[in-house]
Amino acid sequence: MADLFSFSVSATLKAVHTNIEEACIRSGRETKDVILVAVSKCKSAELVKEAYENGQRDFGENYVKEIIDKAAHPLLRDLMDIRWHFVGHIQSNKCNLLTNLPTLNCVHTVDSENLALQLNKHWSKKHPDRTLKVLIQVNTSGESSKSGILPEDCTVLAKFISRNCPGLSLCGLMTIGNPANKDMQTCNPDFHCLTATKLKLCEDLDINPETVKLSMGMSGDFIHAIEEGSNYIRVGTAIFGSREN
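Here it is in C-alpha cells:
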C-alpha cells in the first residue's frame with residue numbers, strides 16, 4: 003500500500019504519461035492515438051478529482067453501482083467533461099441503470115447480441131441525440147473464467163450491432179488477457195490474437211483497419227500494449243496505487 007504521505011496521483015500520472023510517450027516514440031506512433039483510461043475501481047472520488055485536476059479526463063470503472071455512485075459524488079457530478087468508461091463485465095439487466103449516466107463515453111465489454119440490444123434500447127431512449135461507443139470483448143486466452151466471445155465469432159456480433167443497434171457506435175475490440183502473459187514483452191499472445199482478430203474483422207466487413215480501435219493493456223503491460231498497437235490502455239494501480247483486498 004502506498005504511503006499516504008508520499009503517494010501522489012500527480013506524480014504517478016506524470017510517470018505513466020512519460021511511459022506512454024516513450025512507447026509511442028519507439029513504435030513510431032503519435033500519443034494522440036493512445037487514450038489513457040484511469041481505472042479508479044475501489045478508489046475514492048478524492049483521488050479521481052486529483053487526477054482530473056492534473057488533466058485526466060477518461061476514467062474507467064468495473065462495477066455498475068460504483069460508476070453511477072462515483073459520477074454522482076459531489077466532487078465529480080458537475081465535471082461534465084469527464085468521460086466515463088465501463089470496463090467490467092455487465093449483465094443485461096444492469097443496462098438500464100448504467101445508461102442513466104449521461105457522461106458515459108464507452109462500454110468496453112459487449113460480448114453478446116442480447117447485451118448489445120439492451121444497451122441500445124436503454125441508451126437510445128435516454129440519449130437520442132448521440133450514440134454510445136462500444137467495444138466487443140474478445141476472449142483471447144480461451145480461459146473459461148474470462149468473459150468475451152471467441153475470436154472466430156467476432157464478425158457475426160459486429161454485423162449484428164451494426165445492423166440492429168443504431169444507438170451504438172461500434173469502435174473496436176477489447177481483451178483482458180491472461181495475467182501470466184503480462185511479462186512477455188516480445189510476444190504477448192493475447193495482444194497478437196486481438197490484432198489478428200481485428201484484421202480478420204476488417205477483411206470480412208471491408209473496413210479500414212485504422213478505424214477499428216483496440217483496448218488492451220493494463221498497469222503491468224500497457225507499455226508493450228502500446229507498442230503492439232493498443233488505442234485504449236486501462237491503467238489503475240500504476241496511477242492510484244494498490245487496491246486493498
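If you read the sequence shown in our numbering, its first letter stands for residue 3, the second for the next number, and so on. Virtual Cβ for every residue (Gly too), placed ideally from N, Cα, C.
{"Query": "Of the listed residues Phe-224, Thr-213, Leu-159, Met-218, nearest to Thr-20 (C-alpha basis)", "Result": "Phe-224"}
{"Query": "Inter-residue Cα distance where the pair is Asp-80 and Asp-192", "Result": "38 Å"}
{"Query": "Contact set for Ser-29: own chain, Cβ-Cβ below 6 Å, skip 5 residues either direction", "Result": "Glu-229"}
{"Query": "Identified DSSP bridge partners for Met-176", "Result": "Gln-139, Ser-217"}
{"Query": "Buried versus exposed call for Cys-173 [16 or more other C-beta atoms within 10 Å across all chains shown]", "Result": "buried"}
{"Query": "His-124, enclosing alpha helix (DSSP H) - first and last residue", "Result": "115–128"}
{"Query": "Other residues of its chain near Lys-143: CB distance less than 7 Å, five sequence neighbours each side excluded", "Result": "Position check: residue 143 holds Ser in this sequence, whereas Lys was assumed. These residues qualify, in order along the chain: Gly-179, Asn-180, Asp-192."}
{"Query": "Beta-ladder partner(s) of Glu-63, from DSSP", "Result": "Phe-88"}
{"Query": "Paired residues, beta bridge with Ser-171 - DSSP", "Result": "Lys-135"}
{"Query": "Proximal residues to Ala-118 (C-beta, below 8 Å), its chain only, five neighbours per side dropped", "Result": "Val-112, Val-136, Leu-159, Phe-162, Ile-163, Asn-166, Cys-167, Leu-170"}
{"Query": "Rounded separation between Ser-12 and Glu-52 - CA only", "Result": "7 Å"}
{"Query": "Assumed close pair His-110, Val-89 - CB separation to whole angstroms, cut-off 8 Å", "Result": "5 Å"}
{"Query": "Residue nearest to His-91 in terms of C-alpha spacing, selected from Tyr-65, Cys-26, Met-220", "Result": "Tyr-65"}
{"Query": "Burial state of Lys-127 (16 or more Cβ within 10 Å)", "Result": "exposed"}
{"Query": "Other residues of its chain near Leu-106: CB distance less than 6 Å, five sequence neighbours each side excluded", "Result": "Trp-86"}
{"Query": "Coarse secondary structure for Leu-159, derived from DSSP in three states", "Result": "helix"}
{"Query": "Segment limits, beta strand (DSSP E) that includes Ile-37", "Result": "37–41"}
{"Query": "C-alpha distance - Gln-93 paired with Glu-154, whole-angstrom precision", "Result": "23 Å"}
{"Query": "Span separating the alpha-carbon of Leu-216 from that of His-194", "Result": "11 Å"}
{"Query": "Where Ile-209 falls: helix, strand or coil (DSSP)", "Result": "coil"}
{"Query": "Assumed close pair Gly-243, Phe-9 - CB separation to whole angstroms, cut-off 8 Å", "Result": "6 Å"}
{"Query": "CB contact flag (Ala-240, Thr-14, <8 Å)", "Result": "yes"}
{"Query": "Pick from Glu-115, Ile-209, Leu-49 that is closest to Gly-238, judged by C-alpha positions", "Result": "Leu-49"}
{"Query": "Beta-carbon spacing of Leu-78, Ala-47 below 8 Å", "Result": "yes"}
{"Query": "Per-residue burial, Asn-95 [other beta carbons within 10 Å of its own, 16 or more giving buried]", "Result": "exposed"}
{"Query": "Buried/exposed call for Thr-197, threshold 16 Cβ in 10 Å", "Result": "buried"}
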